[in-house]
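**Q**
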Amino acid sequence: MVKPRLRRHGRKRRITYRIIAIDTQSRRQGEAIKQVGFYNPRKEQTQLDLSVIIALLKEGAQSTETVCDILRRARVFEQVSELTSNQKSNFRRI
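Each residue of the sequence shown is one higher than the one before, counting from 22 in our numbering.
Following this line, the structure appears as structure tokens:
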């Protein structure tokens with residue numbers, strides 16, 4: 022199963038994180054399938070590739086708690102629920 026997870030970067034006391042899609046069996050610093058974002062906790066900067074993240078969540082990926090909080094602040098879950106509700110309504114019309 023693929024999971025959005027944080028990978029630590031930077032030096033001591035200047036930590037930044039990359040949000041990556043990685044297999045659940047892999048290590049934190051293991052080889053990533055794809056980099057989907059960036060997070061700097063010191064400056065509260067977040068950069069996300071929303072199309073890739075939404076596609077992962079639609080496929081059933083379960084993010085870690087911290088990534089879930091970051092996505093919640095970016096209102097990604099609202100977009101996913103809107104897309105799924107629109108798809109269900111389109112399915113009923115057919």
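Don't be surprised by glycine CBs; every beta carbon is placed ideally from N, CA and C.
1) If you reduce the DSSP assignment to three classes, tell me which class Asp44 lands in.
2) From this set, Ile36, Ala95, Gln66, Thr87, which residue's C-alpha is nearest Arg26's C-alpha?
3) Just to confirm, are Lys79 and Thr45 a CB contact at a threshold of 8 Å?
4) Under 8 Å between the Cβ atoms of Ile75 and Val97?
5) Tell me where the beta strand (DSSP E) around Thr67 begins and ends.
6) How many Å lie between Gln68 and Arg39 at the Cα?
**A** The structure says:
1) In the structure shown, the three-state DSSP call for Asp44 is strand.
2) Closest option to Arg26, Cα to Cα, is Thr87.
3) no
4) yes
5) 66–69
6) Note on geometry: alpha-carbon atoms of Gln68 and Arg39 lie some 9 Å from one another.
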